[in-house]
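Enquirer: Sharing a structure below in structure tokens format, with a few things to ask.
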Amino acid sequence: MEPTPEPDVEPAPSPAGTDRAEARDARRRQIREAVISHGLVRSADLAAEHGVSLMTVHRDLDHLQAQGWLRKTRGGATGMSSAHFHGTVADRGNAMPQTKRRLARAAARLLAPGQTVLLDDSTTCAQMTRHFRESTPLTVITNSLPVLQLLSKEQGVHLISLGGTYFPAYEAYMGLQTADNVERFRADVLFMSTTAVTKGRLYHTSPETVQVKRAMMAAAARRVLVADHTKFLRDGLYALAPITDFDLVVVDDGVPAEEIRAIRSKGTDVLVVPRS
């Protein structure tokens, strides 16, 4: 009689391999926290502190940069905002809070009950959700985890998550799959912010962001840009679109008058919101 074959059993992970993975994840978490706390770290210091090689540190920094936590520099990494890196969600949320609340309130007044609304992952658009109950029922489509959390229990809001690859540093879903998912929908209106407006063109710090925002713009019948005046003082790396591709731009009164006139002269409406 032939022996009964043993059932296929998934081999248990090697304890040593599990320990290495846990040590790696802990080290990367500590590096991320160090960059957020200090703004700038040196690779050599990280290698000495964690008892690993420079090559290992470079791999850690590559991983954290891909997730949007930091920007690699010569000899280390930085968490300070630049044309290549816009800072963490907490950094962005803490910048110009009163102005962003005013912009969000003004933008939310544009909503009408029954609309399908696309919201991007910006902190300004997340502020808009505080006013959505005044315009329900609404269908809201978004790639932003904070927006999903804020609206998850809101009565009268039909909520659709775009899904895709989750980027923890952005607290949002980004990339090709997310962009493809956007194409399945048609929205009445899109509310979006940006990292920078330079010479009449919008810029962002990652190609994944641009990919999703372009898909959102193509999926909306009406496009509204919501941006505080500091966005007009910055540079970005990846071009998104001309500001004139939007039907309406909602800004605060810190934007220079000549900039507002230039936008209006090309056919895009501008709503100016007082900062105080």
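Residue 5 in my numbering is what sits at position 20 of the sequence shown, and the numbering runs on without skipping anything.
Think of the CB as a built atom: it goes at the ideal place given N, C-alpha and C, for glycine as much as any other residue.
Considering only residues of the same chain and omitting the five flanking positions on each side of G2, which have a CB-CB separation below 8 Å?
Expert: Hits under 8 Å: none found.
Enquirer: Can you list, in chain order, the residues of its chain with a C-beta nearer than 7 Å to that of E244? Leave out the 5 residues immediately preceding and following it.
Expert: Taken in chain order, the residues that qualify are F217.
Enquirer: Counting Cβ pairs closer than 8 Å, one from the stretch 107 to 122 and one from the stretch 171 to 184, do we hit at least three?
Expert: In short, these stretches touch, since the Cβ pair count reaches three.
Enquirer: Can you give me the C-alpha to C-alpha distance between K85 and D105, rounded to a whole angstrom?
Expert: Taking the straight line from one Cα to the other gives about 15 Å.
Enquirer: Rounded to the nearest angstrom, what separates P241 and V257 at their Cα positions?
Expert: The alpha-carbon atoms of P241 and V257 are separated by roughly 11 Å.
Enquirer: List in chain order: all unbroken alpha helix (DSSP H) runs of 4+ residues lying wholly within the stretch 117 to 175.
Expert: The stretch 117 to 175 contains these whole alpha helix (DSSP H) runs: 130 to 136 and 161 to 167.
Enquirer: Express the C-alpha separation of V125 and A200 in angstroms, rounding to a whole number.
Expert: Cα to Cα, the separation comes out at about 16 Å.
Enquirer: What residues are listed by DSSP as bridge partners for G61?
Expert: Paired residues: R27 and T58.
Enquirer: So the candidates are V102, T41 and T114; which of them puts its Cα closest to the Cα of L88?
Expert: Comparing Cα-Cα distances from L88 to each of V102, T41 and T114, the minimum goes to T114.
Enquirer: Between the C-alpha atoms of F70 and T190, what's the straight-line distance to the nearest angstrom?
Expert: At F70, the pLDDT of 49 sits below 50, so the modelled position is not reliable and the matter cannot be decided from this model.
Enquirer: Is the number of C-beta pairs between the stretch 90 to 104 and the stretch 152 to 166 that are closer than 8 Å three or more?
Expert: Not touching, per the Cβ criterion.
Enquirer: If distances are taken between C-alpha atoms only, which option among A172, V42 and Y151 comes closest to R14?
Expert: Of the listed residues, the one whose Cα sits closest to R14 is V42.
Enquirer: DSSP three-state label for A247, please.
Expert: Three-state DSSP puts A247 in a helix.
Enquirer: By Cβ distance below 8 Å, which residues in the same chain neighbour L39 in space, the five residues on each side in sequence not counted?
Expert: Cβ within range, chain order: S28, A29 and A32.
Enquirer: Taking the beta strand (DSSP E) that T101 falls in, what are its first and last residues?
Expert: Run containing T101: T101 to L104, per the beta strand (DSSP E) assignment.
Enquirer: To the nearest angstrom, report how far apart T139 and A172 are at their CA atoms.
Expert: The residue asked about is misnamed: residue 139 is Glu in this sequence, not Thr. The straight-line gap from Cα to Cα measures roughly 20 Å.
Enquirer: Using a Cβ-Cβ cutoff of less than 8 Å, which residues in the same chain neighbour R12 once the five nearest sequence positions on both sides are dropped?
Expert: Result list for R12: H35, V37 and D45, in chain order.
Enquirer: Which of the three DSSP states, helix, strand or coil, is assigned to A204?
Expert: If DSSP states are grouped into helix, strand and coil, A204 belongs with coil.
Enquirer: Closest to L103 by C-alpha separation, out of R169, A62 and T58, would be which residue?
Expert: Minimum Cα distance to L103 is reached at R169.
Enquirer: For R186, report the span of its beta strand (DSSP E) as first-last.
Expert: Here the beta strand (DSSP E) through R186 covers R186 to H189.
Enquirer: S129 to G149, Cα distance in whole Å?
Expert: Between S129 and G149, the C-alpha separation is close to 11 Å.
Enquirer: Between which two residues does the alpha helix (DSSP H) carrying L225 extend?
Expert: Not the alpha helix (DSSP H): L225 falls in the beta strand (DSSP E), residues Y223 to P227.
Enquirer: Let me know if G252 comes out buried or exposed under the rule of 16 or more other beta-carbons within 10 Å of its beta-carbon.
Expert: Exposed, because fewer than 16 other Cβ atoms sit within 10 Å of the Cβ of G252.
Enquirer: Which class does T183 belong to by DSSP, given the choice of helix, strand or coil?
Expert: Of the three classes helix, strand and coil, the one that applies to T183 here is strand, per DSSP.
Enquirer: Go through its chain and collect everything with a Cβ distance to A205's Cβ below 7 Å, but skip five positions before and after it.
Expert: Here the set comprises L103, A172, V174 and L175.
Enquirer: On the three-state DSSP scale, how would you describe L96?
Expert: Three-state result, L96: coil.
Enquirer: Could you give the residue range of the alpha helix (DSSP H) that holds V42?
Expert: Per DSSP, V42 belongs to the alpha helix (DSSP H) from L39 to A51.
Enquirer: According to DSSP, what are the bridge partners of V258?
Expert: According to DSSP, which records beta bridges pairwise, V258 is partnered with D237.
Enquirer: How would you write the range of the alpha helix (DSSP H) that T108 sits in, first residue to last?
Expert: Start and end: T108 to M113.
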